[in-house]
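Visitor: Chains as they are written, first to last, in the working numbering: chain S, 23 to 484; chain L, 23 to 484; chain V, 23 to 484; chain R, 23 to 484.
The beta carbon of each residue, even a glycine, is placed where N, CA and C say it ideally should be.
4 protein chains.
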Amino acid sequence: MIMMTEQFVSANITPLDSLDTLSPHEVAKLQDRNQAGLYPLFRQCALAVLNCGSELDSTKQVLEKHKDFDIRVSHKHRGVQLELINAPASAFVDGEIIQGIREHMFSVLRDLLYVVDELDICCDELEEGEQVTNMVFHILRHANAIEPHIKPNLVVCWGGHSISRDEYIYTKQVGYELGLRGFSVCTGCGPGAMKGPMKGATIAHAKQRVTDARYLGVSEPGIIAAESPNPIVNELIIMPDIEKRLEAFVRLGHGIIVFPGGAGTAEEILYMLGVLLHERNNNVPFPFIFTGPEGSEAYFETVDRFIRATLGDQAAELYEIVVGDPYDVAVKMKAGLERVTEYRKATGESFHFNWQLHIPSEFQQPFEPTHENMAALDLTSDQPDYLLAATLRKALSGIVAGNVKEPGIRAIEEHGPFELSGEPEMVEALDTLLAAFVEQRRMKINYEEYQPCYRLVQDEPA
Amino acid sequence: MIMMTEQFVSANITPLDSLDTLSPHEVAKLQDRNQAGLYPLFRQCALAVLNCGSELDSTKQVLEKHKDFDIRVSHKHRGVQLELINAPASAFVDGEIIQGIREHMFSVLRDLLYVVDELDICCDELEEGEQVTNMVFHILRHANAIEPHIKPNLVVCWGGHSISRDEYIYTKQVGYELGLRGFSVCTGCGPGAMKGPMKGATIAHAKQRVTDARYLGVSEPGIIAAESPNPIVNELIIMPDIEKRLEAFVRLGHGIIVFPGGAGTAEEILYMLGVLLHERNNNVPFPFIFTGPEGSEAYFETVDRFIRATLGDQAAELYEIVVGDPYDVAVKMKAGLERVTEYRKATGESFHFNWQLHIPSEFQQPFEPTHENMAALDLTSDQPDYLLAATLRKALSGIVAGNVKEPGIRAIEEHGPFELSGEPEMVEALDTLLAAFVEQRRMKINYEEYQPCYRLVQDEPA
Amino acid sequence: MIMMTEQFVSANITPLDSLDTLSPHEVAKLQDRNQAGLYPLFRQCALAVLNCGSELDSTKQVLEKHKDFDIRVSHKHRGVQLELINAPASAFVDGEIIQGIREHMFSVLRDLLYVVDELDICCDELEEGEQVTNMVFHILRHANAIEPHIKPNLVVCWGGHSISRDEYIYTKQVGYELGLRGFSVCTGCGPGAMKGPMKGATIAHAKQRVTDARYLGVSEPGIIAAESPNPIVNELIIMPDIEKRLEAFVRLGHGIIVFPGGAGTAEEILYMLGVLLHERNNNVPFPFIFTGPEGSEAYFETVDRFIRATLGDQAAELYEIVVGDPYDVAVKMKAGLERVTEYRKATGESFHFNWQLHIPSEFQQPFEPTHENMAALDLTSDQPDYLLAATLRKALSGIVAGNVKEPGIRAIEEHGPFELSGEPEMVEALDTLLAAFVEQRRMKINYEEYQPCYRLVQDEPA
Amino acid sequence: MIMMTEQFVSANITPLDSLDTLSPHEVAKLQDRNQAGLYPLFRQCALAVLNCGSELDSTKQVLEKHKDFDIRVSHKHRGVQLELINAPASAFVDGEIIQGIREHMFSVLRDLLYVVDELDICCDELEEGEQVTNMVFHILRHANAIEPHIKPNLVVCWGGHSISRDEYIYTKQVGYELGLRGFSVCTGCGPGAMKGPMKGATIAHAKQRVTDARYLGVSEPGIIAAESPNPIVNELIIMPDIEKRLEAFVRLGHGIIVFPGGAGTAEEILYMLGVLLHERNNNVPFPFIFTGPEGSEAYFETVDRFIRATLGDQAAELYEIVVGDPYDVAVKMKAGLERVTEYRKATGESFHFNWQLHIPSEFQQPFEPTHENMAALDLTSDQPDYLLAATLRKALSGIVAGNVKEPGIRAIEEHGPFELSGEPEMVEALDTLLAAFVEQRRMKINYEEYQPCYRLVQDEPA
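#1: If we count the other Cβ atoms within 10 Å of its Cβ and call it buried at 16 or more, is Gly201/V buried or exposed?
#2: Measuring only the C-alpha atoms, how far is His227/L from Ser241/R?
#3: Return the bridge partner residues of Tyr237/L from the DSSP annotation.
#4: Can you find a C-beta in chain V that's less than 8 Å from the C-beta of Asp326/R?
#5: Once the 5 residues before and after His350/R are set aside, which same chain residues still bring their CB inside 7 Å of it?
#6: Of the choices Pro309/S, Glu441/S, Asp453/S and Leu295/S, whose alpha-carbon is the least far from that of Ala411/S?
#7: Please say whether Ala352/L and Arg231/L have beta carbons closer to each other than 8 Å?
#8: Can you pull the chain R neighbours of Asn156/S, defined as C-beta to C-beta under 8 Å?
#9: Could you please give the first and the last residue of the uninterrupted beta strand (DSSP E) stretch that includes Ala58/V?
#10: Check whether chain L comes within 8 Å of Leu148/V, counting only Cβ atoms and requiring the distance to be less than that.
#11: In angstroms with no decimal places, state the Cα-to-Cα distance between Ile291/V and Ser419/V.
#12: Within a Cβ cutoff of 8 Å, which residues of the same chain sit near Glu482/S, ignoring the five residues on either side of it in sequence?
#13: Who are the near neighbours of Asn472/L in its chain, counting only those whose CB is closer than 7 Å to its CB and skipping five residues on each side?
#14: In terms of DSSP beta bridges, what is Val178/V paired with?
#15: Distance cutoff 8 Å, beta carbons only. Does Lys229/S sit that close to anything in chain L?
#16: Using the C-alpha atoms, what's the distance from Phe385/L back to Cys144/L?
#17: Check the Cβ-Cβ distances between Arg163/R and every residue of chain S, and say whether any is below 8 Å.
#18: By the three-class DSSP mapping on this structure, what secondary structure does Ser112/R have?
#19: For the pair the segment 250–258 of chain L and the segment 213–229 of chain L, tell me if three or more CB-CB distances fall below 8 Å.
#20: According to DSSP, is Ser129/V part of a helix, a strand, or is it coil?
#21: Taking the beta strand (DSSP E) that Ala167/R falls in, what are its first and last residues?
#22: Compare the beta carbon distance of Phe271/L and Thr313/L with 8 Å and say whether it is the shorter of the two.
#23: Which residues mark the beginning and the end of the alpha helix (DSSP H) in which Leu442/R is found?
#24: Suppose the cutoff is 7 Å on Cβ atoms and the five residues either side in sequence are ignored; what does the same chain contact list for Leu478/L look like?
#25: Could you check whether the Cβ of Ile172/V sits closer than 8 Å to any Cβ belonging to chain L?
#26: From what residue to what residue does the alpha helix (DSSP H) around Asn395/R run?
#27: Which parts of the segment 337–414 of chain R are runs of the alpha helix (DSSP H), unbroken and 4 residues or longer, counting only runs that do not cross its ends?
#28: Going along the chain, which residues of its own chain have a beta-carbon closer than 7 Å to the beta-carbon of Leu63/L, five neighbours each way excluded?
#29: With a threshold of 8 Å on Cβ separation, who are the neighbours of Gly334/R within its own chain once the five nearest residues in sequence on each side are excluded?
#30: So what does Thr313/V bridge to, in DSSP terms?
#31: Going by DSSP in three states, Asp92/S sits in which element: helix, strand or coil?
#32: One question on the structure: do Val422/R and His276/R come within less than 8 Å of each other, judged by their Cβ atoms?
#33: Could you work out which residue in Gln121/R, Val49/R and Tyr136/R is closest to Ile93/R when comparing CA atoms only?
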């Protein structure tokens, strides 16, 4: 039975088979509304999935707008049902839920149960760093995201959820060229630069009769409400936190394309640069291309200047900038993937998971962006490049949290903006970067109201 | 081995399995360059398929530009190969042919061989009209286009190959709404309004996980060079002539949407109206919706006025006009398809082929648009509506031929424009309609150069 | 609605999709009970298919026992239905038709319609011999029996329908060894040696996870009632006559195994020897193995002696005899198929149809076994080996007809046994062979009642 | 590279994809030859799987005969390889491993890793009984053995691995009748009555075009070496111990057929009777049929008399005995499965796992058959029926261990036969039963050498 108001729909949805193979014990966990229970997290992620197409990118606003949303797991003859109460109407067509969204509901459920339930024991005897990597591997394998023996062809696309019309069309064109070459696409699964490449690739895959194309969306509970997965995503994976999400990107993906974006995109760039700057990864080929349409030169100059100012020119050698040429991007990526393939063959590395890439623990440990932790970040140049990249990554991660994640927004409301301090040159470089993002309206979809969630302070010279 | 110049590629393409099941006798026919042989027709259709994405819509120009194109069937170990010489480069990605185009090559081959070879005997003992219908059925069944037991869900989209950007985007939006409801799309398989709905539906089908969606393109040798099939088309069918092509549309399709277009679209509209006006079809439900974006009101008024002026108001009751509302179009089509389903169940008609629709022989017999035949058309009102519709259909068919088909263009070059004469009111109505098409740039893609291929003459009052 | 008596069932069976894509015109042909109509042939073949498991091998007895059997094609909502009246109960399990048998019904229908309807025109411009071969190819392709690009792996098994328990178990063991090596099996699709290899192969294919194994049964309307297809057969093909059936075996199959059998098996052996003896086939490799269990030595000696006596020792070099060693048979066949593969590669011949094998017209022209034609057979040694083989093949074909085919049995009843005359040595050899078949109970399942349908006469010395 | 001696083969086998998605950490575990490592268990189970077709049913003898067998996991380019050294030749055909056996190797690997690695934490907060059931569910789900929404159709077949030829043929006939009705088959996956029903069902499934039939084999490490899985088994599951194996049978299966067997079969019967006798299961329908060919009446009388003597007549109402009528067995099972379906619908129980069946903890706790534990068994009548059944089950489980399991055989060698004592009537009934098994040669395949591994002692009257 379907009940619709203008904006909300209440409906029972038939589960995918996977739900009916839950044990009563698992169903109980999903319904457990206590602090320790899974219900709050499940409700939040389910809402995010259903909220697809919304223009809100503040988790807090999403949750407030949909405070009457509820989801119940009920037993019926022959199986279990999901009962949705006051779900966003945009997830439905003529009263029936869009199939891609229905699938996503169960991806969420699968990953939440797995992380809570089966995971923590998997690797007690390993050291800490290996444990994290092993956990990332286990979550991905459990989600069927590990596909052995496929020649490297998974291109990760990063970039802003809030981009201009021209930039959006450009991401579709790049996706189209990738799709013509049979590549699969992996993104953070929200709107903007996370959606465009998938749309373009879908059309190209139809023309090339590629029926097993993968559109991977990798998210995490903290961000998903701000970046509702696009229903084209045919493999949605919810990693436990942003650090494991980033590790999933770089271990699954074979090459990365960065479109214009804001603080989140900068966080991703710094993560990747920091990893690649570590000496143990010196020889690992990893295609890394920054690209945007004609007119985006200024943006990439800003980013490039920031990287050179903070991490030095050798960091700038790790990526390539292409402006206004989707064909060239695809051709360069193809060549890069050939190099990756050769290297994996030569070193005996599997195609499906980049075990050999060393990810220093500074990138693996979850960073909680409290005012205290943000203030303590060491923005100075007297540390190895990769550690500085790790620190800058944390700073930007905190800014993303302050912009769109629920606890971050709440913390800013209570205690005012985060304070970041450091060497004058470092702070200045960061200031320039962030100011450009604000000016270019890349921080939030509703840019008119944007209030910076950070304050930059230059250390007094000693 | 691939050889590429700027615009042309020579390549051997691996055949689909279907080619390897040709008999030596059939291969010989494809290579027979005599008048009676299949080679000339095969070459022309193959070129059209490869020429996808071109902006040329004059068959004559296409053939001239590609006069060095050649196609050979050669025997190799383990099978047969197609050798392409000087093929249009746009059909290739990094030297490899786009898979959809490769499939289309073999659809062409399949249909040409079948029509020449196996068909003519199929129904000697039937009367003429039944023979034509039976032939249409046999060609479609041989092409695997008959799928029994699928609830009516195939929407035919008609409209111009030369339409504005806004109109094109609108056709995508309508296709998207159709796709969200799981409908398949059938068009004449060229650019513009024949491509947009398929692109939109492709994205929606991806979101709805519809993996067996049909994108049917129905063409004929005379028009295909001017309307290269879009590679999204996953079932390409080459009917022997325009009359059987039109019959295929209305017997396979369950509802029809008409977007803005030119003479070809008007021909299609008149065909459909003529059929539906025949008394034997009085009760057969057939959803028939004219639609375009905001701003296309004027166009539809022109068409509507022409229909009322010539065929009368009762003809105007057979269609519905929707402006600027893709959602409404899809919802109305869905309701219409429900009625079709009910009617077929009630009358015991199959879902996959509309046997019961009566198509008068005036619509089935091939009309050859010579100057003589055009001049002989009886544009007067003292005949049954459906016959007048048939006559007007022929007039417009001749104009399409004069615009884009090879023999038509040649005839116009030699003998000047076709002359059409009739009752003053009739001629005036036609004049207004065609003038509007010219003014709205709907006759040809390169509208600047458009020279009308017709001249209208009012009969002297008796 | 199902009505069962002890032995008969009346039921409506849901058609496979293929039936619903029949045109009304085709349905009418199937229902046409006139001489020229398809009904009598369709009824007879349908009955044969349904009669699976019966012990009757006389077509005449089968038809008499089931004289109340009827089959009707009726129109129902959403499609066409087959109505069976008084069908053999053995085709049903708990009132539902066995799926394999249901498929066979529609294979019959497909092939009968194709041969009557679409075929005859396919190759007017070819010479006679090519025409027959082309027709065989077209029927097989239309039945989807042509699978390109599969490495030669189709083993034809010939042998009697009336064999001992030990022989039957042995055919299963050979089939098992073939199946373990991934080979597909093709037989005449009746009981005995036509069924055993398929059963054995089915078990082996299950163990080897071969899910696309082919169990081809090739029959013809004259014999099918005496040799009801086993439901394991997953591709049933009805060729128009015995000559085209034999041609289908040798053009589709890549190697042949002969188990003990009677006159029909001897006919098959002579066909194959005659073809291979023709000089144009001198170099064509064709694995040809005669085999049976321990205890069958005597049988093969009889056959071998007959061949040497009539066709000479060089004919005996074309086959190999293996007794009591299924493993050895399979290993030899595997080696033989490797040679076939090499040869096809070297000569550019396709894997799926042996175009290059020359079949002399004496083997292609239908032989009608009337008393007159039988008497006219030239059983003398002063002719090329392959022609003598053709003549002997006809003699044996006539004896099979007299044993089990309907017009043959009737002719014998009216006019007494066929008379065969020839050179004393030839007649003697034949006499020995046939006497052995009678003595070994290989002529008919109900051997007690066997009355020879032939009389041998030695020519007077000139 | 393959090296073959008469009986042994050394080969590298390409892994199924699943192996390449192992983490390095998991590969290390499989290679760990320490006590705690997985290597010894993996080697033993792998050997069992490869040893298929052997006539040895003593685990100890199998291990001794193959003491040179070794299995190594090695890294190669693009993945992991299994290296087999001195594997039983019967697992190979022309040097290539039988695909079904290759699959089984990876089923073993999957289940061993899961049980060791991921499982133990799954259900800390449950009570003990629920924990066991939950663990059984998790192992089965992880092995993809849980298929929701399939109407109850899984028939468990129990019976001896050492049965007569007639009995074996009968099990095939019953399997054939089950297969004709579309039922899937689950057994303990060894030879004899565990293999026959699968072979019969395979032929019937081929005739019925059932392509998704399940042939489930449920084993456990202690027994698998004595009961090598038949390669027809397409889902092999290794449960951790006999108790969980039995629980898997009754929670997955929808009905049970018992063929003649020995101590192991009697253990299974007592398990089932004990469970069904518990009052919480009073209303749960569970088809339970004992059957064998003509001539097996004596056997079933022995069993029936034993049950009545120990558990009383009401226990005998839980099963039905059918002699020599495979058709009747299948028809009765079909009716029983209908009742199961109705009951599950009425009670909201899932079709794929019988959660509601109560299994008392006396049946769940692993029983270790030491001399001490065997001697302590309380074979007296003053306890609830279901507890007596549990005790008798343990006694028989110990006898199976003494007959075929490795630690059991070793214990008997060291300390002499197990001693079982109890009430005179009880002991007498047991004695009669076991003596009959010995006499009927059901204890071991090599019955000539059978030395009872037990001694029965009657308690002195108090």
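Guide: For this structure:
#1: Position 179 of the third sequence, counted from the first residue, corresponds to residue 201/V. Classification of Gly201/V: buried, given that the 10 Å Cβ count is 16 or more.
#2: Start at 1 with the first residue of the second sequence, and residue 227/L comes out as number 205. Start at 1 with the first residue of the fourth sequence, and residue 241/R comes out as number 219. One C-alpha to the other measures close to 44 Å.
#3: Start at 1 with the first residue of the second sequence, and residue 237/L comes out as number 215. In DSSP, Tyr237/L forms a bridge with Val207/L.
#4: Along the fourth sequence, read from residue 1 onward, the residue named residue 326/R stands at position 304. It does not: the Cβ of Asp326/R has no partner Cβ on chain V nearer than 8 Å.
#5: On the fourth sequence, residue 350/R is found 328 positions in, with the first residue counted as 1. The identity of residue 350/R in the sequence shown is Asp, whereas the question assumes His. Here the set comprises Val344.
#6: Taking the first sequence and counting its residues from 1, one reaches residue 411/S at position 389. If we check each option's Cα against that of Ala411/S, Leu295/S comes out closest.
#7: Working through the second sequence from its first residue, we reach residue 231/L at position 209. Working through the second sequence from its first residue, we reach residue 352/L at position 330. Result no, Cβ atoms of Arg231/L and Ala352/L do not sit closer than 8 Å.
#8: As a first step, residue 156/S is located in the first sequence; it is residue number 134 there, counting from the start. Here the neighbours are Ser45 and His47.
#9: Walking along the third sequence from the start, residue 58/V turns up at place 36. First-last for Ala58/V: undefined, no H or E at that position.
#10: Reading the third sequence from its first residue, position 126 is the one you call residue 148/V. Yes - at least one Cβ of chain L is within 8 Å of the one on Leu148/V.
#11: As a position in the third sequence, residue 291/V is number 269, starting the count at 1. As a position in the third sequence, residue 419/V is number 397, starting the count at 1. Spanning the two alpha carbons is a distance of roughly 11 Å.
#12: For the purposes of this step, residue 482/S is taken as residue 460 along the first sequence, with counting starting at 1. Correct list: empty, nothing qualifies.
#13: Here residue 472/L corresponds to residue number 450 of the second sequence, with the count starting at 1. Before going further, note that residue 472/L is Tyr rather than Asn in the sequence given. Cβ neighbours of Tyr472/L beyond the five flanking positions: Val460, Met465 and Lys466.
#14: Taking the first residue of the third sequence as position 1, residue 178/V is located at position 156. According to DSSP, Val178/V bridges with Cys208/V and Ile278/V.
#15: In the first sequence, counting from the first residue as 1, residue 229/S sits at position 207. Chain L, which has a Cβ nearer than 8 Å to the Cβ of Lys229/S, makes this yes.
#16: For this step, residue 144/L is matched to residue 122 along the second sequence. For this step, residue 385/L is matched to residue 363 along the second sequence. Confidence in Cys144/L is poor, its pLDDT being 48 and thus under 50, which makes the residue's placement unreliable; the coordinate value appears in the next sentence. So the alpha carbons of these two residues sit roughly 21 Å apart.
#17: By one-based count along the fourth sequence, residue 163/R stands at place 141. Cβ-Cβ to chain S under 8 Å: yes for Arg163/R.
#18: Along the fourth sequence, one-based indexing puts residue 112/R at 90. It is helical.
#19: yes
#20: One-based indexing of the third sequence puts residue 129/V at position 107. Reduced to three states, the DSSP call for Ser129/V is helix.
#21: Counting from one through the fourth sequence, the residue named residue 167/R turns up at place 145. Neither: Ala167/R is in no beta strand (DSSP E) and is coded neither H nor E.
#22: Start at 1 with the first residue of the second sequence, and residue 271/L comes out as number 249. Start at 1 with the first residue of the second sequence, and residue 313/L comes out as number 291. Cβ atoms of Phe271/L and Thr313/L: not closer than 8 Å.
#23: Counting from one through the fourth sequence, the residue named residue 442/R turns up at place 420. Unbroken run through Leu442/R is the beta strand (DSSP E), Phe440 to Gly444; no alpha helix (DSSP H).
#24: The residue given as residue 478/L occupies position 456 in the second sequence. So the qualifying residues of the chain are Leu442, Val449, Leu452 and Asp453.
#25: In the third sequence, counting from the first residue as 1, residue 172/V sits at position 150. By this cut-off, Ile172/V is not an interface position.
#26: Taking the fourth sequence and counting its residues from 1, the one referred to as residue 395/R is at position 373. Element bounds for Asn395/R: His393 to Ala397.
#27: 348–369, 383–386 and 393–397
#28: Taking the first residue of the second sequence as 1, we reach residue 63/L at position 41. Around Leu63/L: Leu134 and Pro243.
#29: For this step, residue 334/R is matched to residue 312 along the fourth sequence. Asp407.
#30: Within the third sequence, numbered from 1, the residue matching residue 313/V stands at position 291. Val344/V.
#31: Here residue 92/S corresponds to residue number 70 of the first sequence, with the count starting at 1. Asp92/S: strand per DSSP, three-state reduction.
#32: Numbered from its first residue, the fourth sequence carries residue 422/R at position 400. Numbered from its first residue, the fourth sequence carries residue 276/R at position 254. For Val422/R and His276/R, no; Cβs fall outside 8 Å.
#33: Position 71 of the fourth sequence, counted from the first residue, corresponds to residue 93/R. Nearest option by C-alpha distance: Val49/R.
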